[in-house]
Amino acid sequence: MSPTEKWLEKDRQYVSDALKIRFYPLAVKSGKGVVLRDFENNEYIDISAGWAVANIGYGHEKMASALQEQYKTLSFSSNITIPDNQMIQLSEKLAGMLPGEFKKKVWYGLTGSDANDCIAKLIPISAKRPRMISFMGSYHGQTMGSLSLSGHTAQARFVSGANVVKVPYPNPYRPPFGRMENLTQQVIDYIENEMFTTICPPESTAGIIIEAIQSDGGVIVPPDDFLPELRKLCDRHGIYLIVDEVKVGMGRTGKWFAFEHSGIEVDAVSLGKPLGGGVPISAVIARKEILDCGNALHLFTSSGNPISTKAALTNLSIIEEERLIGNVIEQGEYFKKQLFDLQTKHEIIGDVRGKGLALGVELVEDRVTKKPASEKTAAVCYRAFELGLLVFYVGVHSNVIEVTPPLIINRKEIDIAVAILDQAMADVERGNV
Ligand code: PLP
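Residue 441 is where the sequence shown ends in our numbering, and the numbering goes up by one at each step.
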């Protein structure tokens, strides 16, 4: 048994299955830049960035020294009781990043799920209305509040809160009402004329939560006018608009927040995954009235701890100093073009879409019927792993290859990744694997 196999054997023996989605037999020892290494020192280019977390890449020197320094200076403070300067500084910075001339505050947790639990709890309390609206196919997390907001198939196995109404997401590749024309208006009308007049009157609706790009649902980009129209709908009825930016926020789409592409203001935004550059931290930035609607409503012992907040501050400064958002725009366009080129070679690619470095490649059995090629998608990802590329698939049909590389990726690394995807698809199409 190889050292990697030995670790995997112990993983099978001791680590809970409740924690696992394993795509291929890999355990890792180290990482640098966009590359992860196993215990035999095999190298893999990671274009998932560990589910969009390692945005500054692995093993960043500046982060390593900042964390060491912070640990020596102040290793912990339970910031829910005694605040330290890192958390306060980060709050000022994050509050300043949310567009809008209104008073803002910041809440902290440790993972995207607990940030969305903050939304599930505080939005109805603040609005004094009991219900929330979310979107079919959305993924907001695994804790009970965030799970209740989710409309993903992953959620269907659990009993979750009854006060969340799910509405269709405007998916241009698979329009929910079967027609592409006026997709935005179809969904807005459905909420306003169907939901509001039946099971979900606006007077009892506190907020609508949406992913600006529905990521785990299949990297779905709504029409450009959808968020502006949703904002108007919320304004017409005094409903909060909340955007979940846990996966696509913090620069991944070419702006700090993905919703900024549509020029709107939102009432709250949830953040997680890449916020701490790999160190667990989540946040909600929102209108002061939402996050100040009561004392001690949603707090954890380690909320806003100095190591996590130092990591987030350092992460933000790395993104600014290394001009990573500029790199996202440049490399995102290049990566997408390479994927469109792959589409001309591989009949299995039904659609290529995304913004910046949040890209998706949807695989289908037939471009006309659009039958999801779910098994082949798993086979392509597995074959890519064998060839040295780490990539995962998402989507309610498990047929969308998700491309969310570290934001530091360069052209050469993209070329290698695309060549491997090309080879993996060819092998799967020929039935060679
Ligand atoms: N929100 C979105 C949009 C996500 O993609 C995820 C995770 O995939 C979450 C929330 C939950 O984050 P976490 O797994 O860090 O709790």
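Where is the CB? At the ideal position from N, CA and C, for every residue including glycine.
A quick note: this is a predicted structure, and the numbers were derived from the prediction, not measured.
Under the Cβ criterion (8 Å, minimum of three pairs), the stretch 309-317 counts as touching the stretch 88-95. Using a cutoff of 6 Å, the CB of S156 does not count as near the ligand PLP, since none of the ligand's heavy atoms is closer than that. Here the alpha carbons of S325 and V256 stand approximately 18 Å from one another. Residues A103, L106, I293, A294, R295, K296 of the same chain have their beta carbon placed closer than 7 Å to that of K112, with the five preceding and five following residues left out of the count. Short of 7 Å from the beta carbon of Q431, and not among the five residues preceding or following it, lie these beta carbons of its own chain, in chain order: L395. When the five nearest sequence neighbours on each side are left out, the beta carbons in the same chain lying within less than 7 Å of the beta carbon of G364 are those of R260, T261, G262, V336, I337, G340, in order along the chain. Between the ligand PLP and T119, a heavy atom-to-CB distance of less than 6 Å is present. DSSP lists I250 as the beta-bridge partner residues of I217. DSSP, read as helix, strand or coil, puts W59 in helix. The beta-carbon separation of Y248 and A123, rounded to 15 Å, does not stay under the 8 Å limit for a contact. As for any beta strand (DSSP E) of minimum length 3 sitting wholly inside the stretch 124-170, the runs are 139-143, ordered along the chain. Under DSSP, the beta-bridge partners assigned to Q222 are I228. Here the alpha carbon of D252 sits roughly 17 Å from the alpha carbon of G108. Considering only I131, R165, I216, the residue with the shortest C-alpha distance to P176 is I216. Here the C-alpha atom of S83 lies approximately 30 Å from the C-alpha atom of K28. Where I333 is concerned, the enclosing alpha helix (DSSP H) starts and stops at 332-353. DSSP places E370 within a strand segment (E or B) once states are collapsed to three. The beta carbon of A74 sits closer than 7 Å to those of K318, T322, all from its chain and outside the five residues before and after it, given in chain order. In this structure, D243 sits away from T192, with a CB-CB distance that is not shorter than 7 Å.
The closest CA to that of H245, considering only D224, A427, T205, is found on T205. A distance below 7 Å between beta-carbons, with the five flanking residues on each side excluded, links D46 to the following residues of its chain, in chain order: T12, L34, A35, V36, K37. For H160, the distance from the CB to the nearest heavy atom of the ligand PLP is not below 6 Å. Sorting Y390, N50, E370, P413 by C-alpha distance to the C-alpha of G225 places E370 at the top. Counting the other CB atoms within 10 Å of its CB gives A387 a total of 16 or more, which places it among the buried residues.
Check the Cα spacing between E329 and each of I64, T89, Y116, S56: the tightest is with I64.
Distances from the CA of I218 to each of S146, I199, G153, K281 were compared; the closest alpha carbon is that of S146. Remark: the shortest separation between the CB of G312 and any heavy atom of the ligand PLP does not fall under 6 Å. The criterion of a C-beta distance shorter than 7 Å is satisfied by A60 and K281. Shown here, R295 sits in a strand according to DSSP, grouped into three states. Annotated as distal: T119 and S278, with beta-carbon spacing of 7 Å or more. Leaving aside the five residues that flank G285 on each side, the residues in its chain whose CB is nearer than 6 Å to its CB run, in chain order, I64, M71, A319, N323. Boundaries cannot be given for A266, as no alpha helix (DSSP H) includes it and DSSP labels it neither H nor E.
Following the DSSP letters along the chain, one finds E48 in no beta strand (DSSP E), marked with neither H nor E. Closest by C-alpha distance to L347, out of H405, V376, E410, F308, is E410. Per DSSP, L191 lies in no beta strand (DSSP E); the unbroken alpha helix (DSSP H) holding it starts and ends at 191-197.
Taken atom to atom, the span from the alpha-carbon of W15 to that of G58 is near 19 Å.
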